[in-house]
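S.K.: What follows is a single structure, and I will ask about it in a moment.
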């Protein structure tokens, strides 16, 4: 199989992580006055990790470049 390269901004994994970071920052600053229950934070972290693994395993077929 030929190694192909894609631009960093075409990475679904990257954009998913940017979105997760924005949500975490918004919650941290009290956006919308939302306070999650204590059990929600580790569950959300686990879900994010699982989605990252799925994206890496099934959607990433090319190397990234700057």
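Numbering (this note's numbering), first residue to last: 313 to 378.
C-beta: ideal position from N, C-alpha, C; glycine also.
When you compare each of 343, 357, 325 to residue 369 by their alpha carbons, which one comes out closest?
M.R.: The count along the chain shown starts at 1 and reaches residue 369 at position 57. Checking every option, the nearest Cα to that of residue 369 belongs to 325.
S.K.: Report the rounded CA-to-CA distance for residue 347 versus residue 356, giving the unit in angstroms.
M.R.: Position 35 of the chain shown, counted from the start, is the residue given in the question as residue 347. Position 44 of the chain shown, counted from the start, is the residue given in the question as residue 356. Using only the alpha carbons, I get a separation of about 13 angstroms.
S.K.: Cα-Cα, which of 364, 339, 363, 343 is closest to residue 352?
M.R.: On the chain shown, residue 352 is found 40 positions in, with the first residue counted as 1. Answer by Cα proximity: 339.
S.K.: Taking just the CA atoms, how far does residue 361 sit from residue 327?
M.R.: If you number the chain shown from 1, residue 327 lands on position 15. If you number the chain shown from 1, residue 361 lands on position 49. The straight-line gap from Cα to Cα measures roughly 14 angstroms.
S.K.: Measure from the alpha carbon of residue 332 to the alpha carbon of each residue in 342, 359, 349, 321, then state which is nearest.
M.R.: Locating residue 332 in the chain shown gives position 20, counting from the first residue. Selected option, being the one with the closest Cα: 359.
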